[in-house]
Structure formats: structure tokens, C-alpha cells
Amino acid sequence: MATDASSADERLQFTAEELLADGDYREPLIANGVRCHGGFGEDGQYRSPRTVVRRPAIRAWQAQLARGGAPLIDIPRELMPPQYPNVEQSVLLLREGVRDPIVRGLTIISIVEGFGAIIRDVKVPKLGELVVEPLEGTALAHLRRGLFEAHARDEAGHRDQGGHKQMWEAARDLALENPKIPRDVLMRLMGRRGRRKPAKRPFPEIDEDLERMLSTMAQVLVVEVFAEGAFEWGKALLGNAEVSAEPERASEMVRFIQSDESPHVEYLRTALSEIRARTLRTVHGGTIPGRTVVDGLLHRILSQMTRNRPAEQREDARKSLSEAIEAASNQKAAKATKAVVEEFESLETSWTPPAKTGFEPTPAVEGAQ
Ligand SMILES: [Fe+2]
Ligand SMILES: [Fe+2]
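In C-alpha cells form, the structure reads like this:
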């Protein structure tokens with residue numbers, strides 16, 4: 000039935016300008032004195048930036064995927080490692096005046112959010128030549144047409160507007176009253192990243208730029224889904240009046256950032272699901288099911304992150320904790336410091352990653368083509 004009531008839900012093609020468009024806000028979001036993206040509508044509710052067209056567009060691509068019978072990728076939440084230190088441990092540290100590990104942890108979150116801007120530098124190869132089936136009216140066709148750019152702006156800010164980086168800094172500074180930031184946060188973070196060995200290409204049979212793009216998207220998707228743990232932690236900790244100077248404003252800020260993340264998770268899982276439902280051309284003139292590549296990449300990333308991330312977070316927090324305690328013990332009685340460490344350890348969350356990621360390669364899929 001052709002009607003003039005066609006909504007954005009039925010459209011599948013959009014311009015970059017549309018996907019980057021903001022709605023009208025009654026009031027902008029000012030975070031600890033910094034003008035940020037997004038704002039408040041007539042109803043006083045926070046509205047995420049660049050979502051008036053982007054959200055319905057993603058819904059429309061997802062609906063089209065469903066009409067084609069293709070499932071939407073879902074990263075199981077059970078795979079998400081717990082935040083370290085956990086909320087109770089973090090409250091304990093702040094209450095006891097051991098603030099550095101928390102200030103450091105919050106600063107790392109803000110830096111990692113800012114790193115999100117690298118998504119705009121991801122090279123998108125000529126997908127029409129590398130994918131067998133058509134791509135019109137998909138999220139894939141819009142990666143360079145607004146989706147990557149909107150994502151980058153949300154994370155790192157754009158022009159005079161702060162993004163998630165600045166919003167996390169504001170949440171930290173409101174709650175902890177502009178704490179002194181340890182000077183080596185970035186250096187230590189980069190050092191850890193630099194220690195990782197360059198990985199061997201998992202799918203050398205496909206175009207290298209395509210493999211890199213899909214791999215980055217899969218990696219960012221997992222990071223975005225797992226960030227949920229950091230948001231819940233941030234809201235609980237910075238919203239705790241016992242240890243936060245601005246519990247309402249600080250936890251609200253984390254809530255705003257959290258709500259801005261859903262379009263990231265949604266467009267990434269949509270685009271990866273679109274590839275998963277298609278066939279990729281190999282460099283040798285053959286083909287490979289998109290599902291083999293997407294599941295293979297996700298399985299690899301999920302296995303690594305569930306195994307390594309908890310240990311890395313723990314190692315980082317432990318290091319700054321022992322430094323902070325050493326510094327504190329000059330002023331405080333050594334006995335009291337020891338009691339804090341013991342209590343900290345007793346509050347530890349134990350966690351074992353699930354045995355399966357859910358994206359294990361299956362012989363049936365491998366042999367499908
Ligand atoms: Fe973000
Ligand atoms: Fe994000």
C-alpha cells in the first residue's frame with residue numbers, strides 16, 4: 000500500500016548529513032562547565048546527539064535484515080568480565096582516601112572513549128567488488144556515509160562540543176572534586192597496548208582492507224558491549240553520596256553517555272550481520288561465506304578479551320593500588336593501611352569466563368560453500 004505516510008522506518012537510503020543531524024534541543028548539555036553534545040528536549044529528557052535520523056535508519060536496516068531471514072548478531076552478556084576493582088572495592092578505596100586507583104581508572108575510561116574516534120580512519124574498501132550480493136539500503140553502504148563519522152564525533156567530541164571523553168572527565172571531576180590526575184596514565188596505557196604482539200591475519204584469503212575493517216568493527220562492537228560493565232560501575236560509584244561530591248549530576252552524566260552508546264552497538268551489529276548473511280570474494284577468485292569470517296573474528300576477539308582483559312585490569316589496578324598505599328603509609332599508620340588491603344581483597348569478585356563464546360566455527364558452516 001503506497002501512502003504518503005512513508006516514515007524513516009521504511010526508507011533505507013540516507014545522506015551523511017541526515018545521519019549526522021541533531022534534533023532541536025531546548026537546552027544544551029553542559030558538563031562541569033564544558034559544552035557537550037546532545038541536549039534536553041521539551042520534556043526535559045536527555046536526547047543523544049545525531050540520532051533523529053540515525054536511530055530510525057538503523058531500525059529500518061535491522062527490519063530489512065529480519066525480512067531476509069538473517070539473524071542479528073548478539074554478543075552474550077555472560078561473556079562480559081566484571082569491572083575491576085568492583086563497586087564495593089572502589090567505595091572502600093575512596094572512603095579510605097586511596098583515590099589514585101579510581102582517578103586513574105576513570106581517566107583511562109575517558110581516554111579509551113576518545114580513542115573511539117579512530118573509527119573514522121578505518122579504510123572502507125570497495126564493498127561492491129568484494130561482496131557477492133547487493134548492498135544497497137544496508138548499514139554497510141552507510142559506513143562512510145555518516146555512520147563512522149557520527150560514531151567518532153560521539154566518542155571524541157566535535158568542534159565546540161565535547162563528546163564522551165569530556166563527559167567522563169566531567170563525571171570524574173564532579174564526583175571527586177577535580178582530583179589531581181596521575182601524569183603517567185596515558186603512558187602506561189600505551190605501554191600496555193604496545194606489549195601486544197601483532198597478530199597473524201586470520202583470513203588472508205580475503206581482501207586485506209576488508210579483513211581489517213571487519214576486524215576493527217568486531218573489536219569495537221565487543222568493547223561497546225562490554226562497556227556496559229563500566230557504565231553500571233560508574234553510575235553506582237559516582238552516584239554514591241558517601242564517596243561522591245555530586246552523586247546526582249555525576250551519575251546522570253554516566254547515564255547520558257550510556258544512552259548515546261546504543262546506536263554504536265546497533266549499527267555495528269547490523270553491519271556485521273549484513274556481511275554475515277552474504278558471501279565474500281576471495282583474492283584467488285573463489286568465495287567464502289561471510290558468516291565464516293564474521294564468526295571467526297568475533298570468536299577470536301571474545302576469547303582474547305574474556306581471557307586477557309580481567310587480568311590486565313587487575314594488574315593495572317593492583318599496581319596503582321600498591322603505589323597509592325605506599326604513599327599513604329607515610330602519613331597513616333602501617334597497620335591501618337594493611338587493614339584496607341585485607342578488606343579490599345576480601346571484596347574481590349571471582350569470575351571465570353564461560354567455556355564457549357557462541358561464535359565457534361562449526362564444520363557445517365565451513366563446508367557450506
Ligand atoms: Fe562512548
Ligand atoms: Fe561508543
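Residue 106 in numbering that gives the first Met the number 0 sits at position 107 of the sequence shown, and the numbers go up by one each step. Each residue gets a CB set at the ideal place from its N, CA and C atoms; glycine is no exception. All values derive from a computational prediction rather than experimental measurement.
Cβ pair residue i, residue j closer than 8 Å
i	j	result
Trp60	Thr269	yes
Phe255	Gly37	yes
Arg280	Glu132	no
Leu175	Val102	yes
Val253	Leu91	no
Glu251	Glu223	no
Ala116	Ala65	no
Val221	Ile300	yes
Ala229	Gln63	no
Thr215	Val121	yes
Leu126	Leu146	no
Glu265	Ile57	yes
Ala310	Val86	no
Val242	Leu93	yes
Leu382	Pro352	In the structure displayed, the chain extends from 0 to 368; residue 382 sits before or after that span and is not available.
Phe358	Gln88	no
Val97	Ala244	no
Tyr45	Ser258	yes
Arg182	Glu148	no
Buried/exposed call for residue i, threshold 16 Cβ in 10 Å
i	result
Trp350	exposed
Gln12	exposed
Asp371	There is no way to answer for residue 371, as the model of the chain reaches only from 0 to 368.
Asn31	buried
Glu16	exposed
Asp99	buried
Glu341	exposed
Thr14	exposed
Lys164	buried
Ser321	exposed
Gly366	Summary for Gly366: the model assigns pLDDT 43, below 50, so the residue's position carries little reliability; its value from the coordinates is reported in the next sentence. Answer is exposed; the Cβ neighbour count stays below 16.
Pro75	exposed
Leu185	exposed
Pro190	The amino acid occupying residue 190 in the given sequence is Gly; Pro does not appear at that position. Answer is exposed; the Cβ neighbour count stays below 16.
Ile72	buried
Ile205	buried
Lys355	exposed
Ala198	exposed
Gly289	buried
Ile29	exposed
Ser47	buried
Glu95	buried
Glu112	buried
Pro27	exposed
Glu9	exposed
Gly43	exposed
Ala326	exposed
Gly233	buried
Gly371	Any question about residue 371 goes unanswered here, given that the chain covers just 0 to 368.
Ala240	exposed
Gly285	exposed
Gly156	buried
Anticipated Cβ contact below 8 Å, residue i with residue j, distance rounded
i	j	result
Arg34	Gln160	6 Å
Gly162	Glu154	5 Å
Leu173	Arg248	5 Å
Phe225	Met304	7 Å
Pro360	His283	So it is not a contact: roughly 20 Å between Cβ atoms.
Leu383	His141	For residue 383 there is no data in the structure shown, the boundaries of the chain being 0 and 368.
Ser272	Pro70	7 Å
Leu237	Ala316	Contact flag wrong, Cβ pair sits at about 17 Å.
Asp21	Arg49	6 Å
Leu209	Pro124	5 Å
Where the beta carbon is closer than 6 Å to any heavy atom of ligand 2, which residues qualify, in chain order?
The set of residues with any CB-heavy atom separation to ligand 2 below 6 Å comprises, in chain order, Gly115, Glu154, Glu223, Glu260, His263.
Taking the runs of the alpha helix (DSSP H) that are 4 residues or longer, which of them lie wholly in the stretch 66-130?
86-94, 99-114, 126-129
Segments assigned beta strand (DSSP E), at least 3 residues, entirely inside the stretch 215-245:
none
Which full runs of the alpha helix (DSSP H) of 4+ residues lie inside the stretch 11-38, going along the chain?
15-18
Contained alpha helix (DSSP H) runs [length at least 4] in the stretch 237-304, N- to C-terminal order:
246-275
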